[in-house]
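J.: In order, the protein sequences belong to chains P and U. Counting from 28, one number per residue, gives the positions in the first sequence under our numbering. Counting from 28, one number per residue, gives the positions in the second sequence under our numbering. Note that beta-carbon positions come from the ideal geometry of N, C-alpha and C, so glycine has one too. Since the model is a prediction, treat every value here as computed from it, not as a measurement. Sharing a structure with you now.
Protein chains: 2
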Amino acid sequence: MKIALDVNGSDEAPASELAGARRALEERDALDLILVGDPASVEPILSEWPDSLLDRVELEPATDRIHPGESPASAVRKRPDSSIVRGIRLQKEGRADAFISAGSTGAVMAASLIFLRPLPGVARPAIGTVLPTAKGPTLMLDAGANVDCKPMHLLQFARLGAIYAQDLMGVPEPRVALLNIGEEPEKGDELSVEAHMLLRESNLNFVGNLEGRDVIQGACDVLVCDGFVGNVLLKFYESVAEFVIGLLGRELDLQGVDLDLHKVFRALDYAEYGGAPLLGVNGVTIICHGKSPPKAIRNAIRVAVQAVESRMIAHIAGELGQSEANSADP
Amino acid sequence: MKIALDVNGSDEAPASELAGARRALEERDALDLILVGDPASVEPILSEWPDSLLDRVELEPATDRIHPGESPASAVRKRPDSSIVRGIRLQKEGRADAFISAGSTGAVMAASLIFLRPLPGVARPAIGTVLPTAKGPTLMLDAGANVDCKPMHLLQFARLGAIYAQDLMGVPEPRVALLNIGEEPEKGDELSVEAHMLLRESNLNFVGNLEGRDVIQGACDVLVCDGFVGNVLLKFYESVAEFVIGLLGRELDLQGVDLDLHKVFRALDYAEYGGAPLLGVNGVTIICHGKSPPKAIRNAIRVAVQAVESRMIAHIAGELGQSEANSADP
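Here it is, written out as structure tokens:
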């Protein structure tokens, strides 16, 4: 198995990516990595690695970098030597089984859509994000790839998420819920009311609407929403955890209490879950936070390995391609 | 000044409401209250109050109660003797200057729309909620009264919120932001892109788009959004604060640390800010959380008093009625 890793991507690139890559290689024998990035910054770090690890690593030169402020689609077209375009193309060319990047989310998504293409039956690929909850992870999608969704898109997100939960979270019959502002089927905006009906009529294990207050209780495995509300919620969640830890850390210091808050809040730590999969394209793309520490990169590699080993893409193609064929029946 | 208070509303009614009412009366001389509720449950508690407070209290009998599960509009029509309908009508009849309830949010809203009516120039009254942030309160609206909003509605929410911030939060030139999924004007869904343009062209102090991660930093005074995303965010926020305090409380107990977390998180405590105003109706309606402790009721009374004293309704009528007249110009 060969995973391509963008080492130009994160805020601490390439140090964070390389530290995470090293841990992943040390922990797992059946893994080779293609490091996609600027040789000038990567080689000094690799020179300190043992030969046993270097034997399992290839360097794919990519001297360019797409910056967060750039328009994703035009940057992807204008920068063929960027690590994101090079990395995605490695998958397209069959040289890598998956691609991981902590660079511009929009550019990773755009490059995946342009070069890998959506799978048959998938109108809009979605970003899935694992939200930590009181009862373990919940996969929320879409986390920001799509706005102005139609009810049918939300149904597809649910199907994509259910396959991810089965293949990567070990949940045989994932509980799928719709993020909404009330429990009753008639609650919410037009999109939610119609999506609720589609989900109820589907063969998914649909457990109904879930309100904002229920998310953290872990009442479902897959939480479906439009990418606008998903993105707002995700970013808010990340910031609240940081804020609370900061506020409390100062107070504990004042009181002379020595407590590792990050350990207490390990359950709420995003880095534990690695990156966010882009679901519904013909390839494995994992998007990491720009602030990813080595642990998050290591875990993203683990997620990519699991996606490849479980044959997630084939499962998505089978189920969503199938349902497209069915819905085209007269 | 006479404020009507629903004492059938909260989960701990009437005890919580009466304890909050008593504190408000003790703290402020120029205040009379009309307690709207079931005499059988209220009178035993009032019998323990001193005469000096009882002189400033009237009891408006309302033996019926609208339950959270009922359809708001039909419940309001079917239950004329409910505390919510009685209380709102007191305002309509000129017997009270404001109404406060911790009962069904939907029913308080429906009764306000039916009996008080929206002010001229207000297409859709909105629920404003004060979100605690690192730099003090931010008023977010709409928090759930409206879904499927049009750009013009978001502009009106901004105007309503700015007047509230001026009159009740003491901010002369409130910074108004649009909740969105990116900073750039072209980011977001169709609603956000168009609302951004309207806000930028308005005479408001519009500071641009705000992402989910910026909310807790307190980067604006008034945060505008569709009621769907506002409601999801609000309920999520409330639940995260509770969850974190619970998680941490257990850990501190284990470590033998004695720390009053609610004191540490006072800045994040909703009860500090009292209730949520329904902005844009011809009257002062304050909606409290069903779990409101006495402190929240006391603070909601304070908010109602401020709204009346500052002549908020006249300001809204002046500014939004004016802008309606302008926009009707040829």
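Give a yes or no on whether 8 Å exceeds the smallest Cβ distance from A175(P) to chain U.
T.: Within the first sequence, residue 175(P) is the residue found at index 148, counting from 1. Checking the displayed sequence, the identity of residue 175(P) turns out to be Asp instead of Ala. Cβ-Cβ to chain U under 8 Å: yes for D175(P).
J.: What residues from chain U crowd round R240(P), counting only those whose CB sits closer than 8 Å?
T.: By 1-based counting over the first sequence, the position of residue 240(P) is 213. The contacting residues are K262, F263, E265 and S266.
J.: Buried or exposed for R338(P), please, with buried defined as at least 16 other CB atoms from any protein chain shown within 10 angstroms of its CB.
T.: What you label residue 338(P) is simply residue 311 of the first sequence in a count that begins at 1. R338(P) comes out exposed.
J.: Does any heavy atom of the ligand ATP sit closer than 7 Å to the C-beta of A331(U)?
T.: Of the ligands one can find in the structure shown there are none, so the ligand ATP has no counterpart to examine.
J.: DSSP three-state label for I30(P), please.
T.: Numbered from 1 along the first sequence, position 3 holds the residue referred to as residue 30(P). Strand.
J.: Rounded to whole angstroms, what is the Cα-Cα separation between E97(U) and E39(U)?
T.: Taking the first residue of the second sequence as 1, we reach residue 97(U) at position 70. Taking the first residue of the second sequence as 1, we reach residue 39(U) at position 12. Spanning the two alpha carbons is a distance of roughly 19 Å.
J.: Going by DSSP, what residue range makes up the beta strand (DSSP E) through R202(U)?
T.: On the second sequence, residue 202(U) is found 175 positions in, with the first residue counted as 1. Unbroken beta strand (DSSP E) run through R202(U): R202 to L206.
J.: Tell me the DSSP bridge mates of G257(P)?
T.: Within the first sequence, numbered from 1, the residue matching residue 257(P) stands at position 230. Bridge partners of G257(P): none, in fact.
J.: Which runs of the beta strand (DSSP E) spanning at least 3 residues fall entirely within the stretch 289 to 340 of chain P, listed in chain order?
T.: 303 to 306 and 312 to 314
J.: Go through its chain and collect everything with a Cβ distance to S128(P)'s Cβ below 6 Å, but skip five positions before and after it.
T.: Position 101 of the first sequence, counted from the first residue, corresponds to residue 128(P). The answer, listed in chain order, is D33, G36, I111 and V135.
J.: Would you say D59(U) faces chain P, with C-beta separation under 8 Å as the test?
T.: Looking up residue 59(U) in the second sequence gives position 32. No, D59(U) lies away from the interface with chain P (no Cβ there is under 8 Å from its Cβ).
J.: So with Cβ pairs under 8 Å, would you call E299(U) a contact of chain P?
T.: Counted from its first residue, the second sequence places residue 299(U) at position 272. It does not: the Cβ of E299(U) has no partner Cβ on chain P nearer than 8 Å.
J.: Can you check DSSP and say which residues form a bridge with P145(U)?
T.: The sequence position of residue 145(U) within the second sequence is 118, counting from 1. According to DSSP, P145(U) bridges with V308(U).
J.: For L260(P) and A222(P), which I take to be in contact (beta-carbon distance under 8 Å), what is that distance rounded to the nearest angstrom?
T.: Translated into positions along the first sequence, residue 260(P) becomes position 233. Translated into positions along the first sequence, residue 222(P) becomes position 195. Going by Cβ atoms, the distance from L260(P) to A222(P) rounds to 17 Å, so no, they are not a contact pair.
J.: Strictly under 8 Å for the Cβ-Cβ distance: is G130(P) near chain U by that measure?
T.: On the first sequence, position 103 is the one that residue 130(P) refers to. Chain U contact via Cβ: absent.
J.: Can you name the residues of chain U whose CB is closer than 7 Å to the CB of V271(P)?
T.: On the first sequence, position 244 is the one that residue 271(P) refers to. Simply V271.
J.: S109(U) by DSSP, collapsed to three states: which one?
T.: As a first step, residue 109(U) is located in the second sequence; it is residue number 82 there, counting from the start. Three-state DSSP puts S109(U) in a strand.
J.: Is C266(U) helix, strand or coil by DSSP?
T.: The residue you call residue 266(U) lines up with position 239 of the second sequence. Correcting the residue type first, residue 266(U) is Ser in the shown sequence and not Cys. It is helical.
J.: Hey, would you say L60(U) sits closer than 8 Å to A48(U), going by beta carbons?
T.: Here residue 60(U) is taken as the residue at index 33 of the second sequence, counted from 1. Here residue 48(U) is taken as the residue at index 21 of the second sequence, counted from 1. Taking 8 Å as the Cβ cut-off, L60(U) and A48(U) qualify as a contacting pair.
J.: Can you name the residues of chain P whose CB is closer than 9 Å to the CB of F233(U)?
T.: Taking the first residue of the second sequence as 1, we reach residue 233(U) at position 206. Neighbours of F233(U) in chain P, taken as residues at a C-beta separation under 9 Å, are lacking, since the least C-beta distance is about 19 Å.
J.: In the DSSP assignment, find the unbroken beta strand (DSSP E) run with I61(P) in it and report its ends.
T.: Taking the first residue of the first sequence as position 1, residue 61(P) is located at position 34. Here the beta strand (DSSP E) through I61(P) covers D59 to G64.
J.: For G171(U), which beta-bridge partners are listed by DSSP?
T.: Translated into the one-based positions of the second sequence, residue 171(U) becomes position 144. DSSP, once it has assigned bridges, lists no residue as partnering G171(U).
J.: I'd like to know if D216(P) contacts chain U, where contact means its C-beta is closer than 8 Å to some C-beta of that chain.
T.: The residue you call residue 216(P) lines up with position 189 of the first sequence. Yes, its Cβ sits closer than 8 Å to a Cβ of chain U.
J.: Please classify D91(U): does DSSP put it in a helix, a strand, or coil?
T.: The count along the second sequence starts at 1 and reaches residue 91(U) at position 64. Strand, per DSSP.
J.: Does any C-beta atom of chain U lie closer than 8 Å to the C-beta of N230(P)?
T.: Indexing the first sequence from 1 puts residue 230(P) at position 203. Closer than 8 Å: no.
J.: What residues from chain P crowd round A161(U), counting only those whose CB sits closer than 7 Å?
T.: Within the second sequence, the letter at position 134 stands for residue 161(U). Correct list: F270.
J.: For the 8 Å Cβ check, are there 3 or more pairs between the stretch 244 to 262 of chain U and the stretch 156 to 173 of chain U?
T.: Contact between the stretch 244 to 262 of chain U and the stretch 156 to 173 of chain U is established, with three or more Cβ pairs separated by less than 8 Å.
J.: Just to confirm the assignment, what range does the beta strand (DSSP E) spanning G235(P) have?
T.: Here the question's residue 235(P) lines up with position 208 in the first sequence. Per DSSP, G235(P) belongs to the beta strand (DSSP E) from F233 to L237.
J.: Taking the beta strand (DSSP E) that L158(P) falls in, what are its first and last residues?
T.: In the first sequence, counting from the first residue as 1, residue 158(P) sits at position 131. It spans T156 to T160 - the beta strand (DSSP E) in which L158(P) sits, taken as one unbroken run.
J.: Going along the chain, which residues of its own chain have a beta-carbon closer than 8 Å to the beta-carbon of L364(P), five neighbours each way excluded?
T.: For residue 364(P) there is no data in the structure shown, the boundaries of chain P being 28 and 357.
J.: For the beta strand (DSSP E) containing S128(P), name the first residue and the last one.
T.: As a working note, residue 128(P) is residue 101 in the first sequence. First-last of the beta strand (DSSP E) with S128(P): A125 to S128.
J.: Check whether chain P comes within 8 Å of L225(U), counting only Cβ atoms and requiring the distance to be less than that.
T.: On the second sequence, residue 225(U) is found 198 positions in, with the first residue counted as 1. No, L225(U) does not count as interfacial toward chain P.
J.: Considering only residues of the same chain and omitting the five flanking positions on each side of F126(P), which have a CB-CB separation below 6 Å?
T.: Sequence index remark: in the first sequence, residue 126(P) carries index 99 (1-based). A31, G114, I115, Q118 and T312, listed in sequence order.
J.: On the three-pair Cβ rule with 8 Å, is the stretch 186 to 201 of chain U touching the stretch 267 to 279 of chain U?
T.: Short answer: they don't touch.
J.: Kindly indicate if chain U contains any beta-carbon less than 8 Å away from that of G245(P).
T.: For this step, residue 245(P) is matched to residue 218 along the first sequence. Judged by the 8 Å Cβ criterion, G245(P) is not in contact with chain U.
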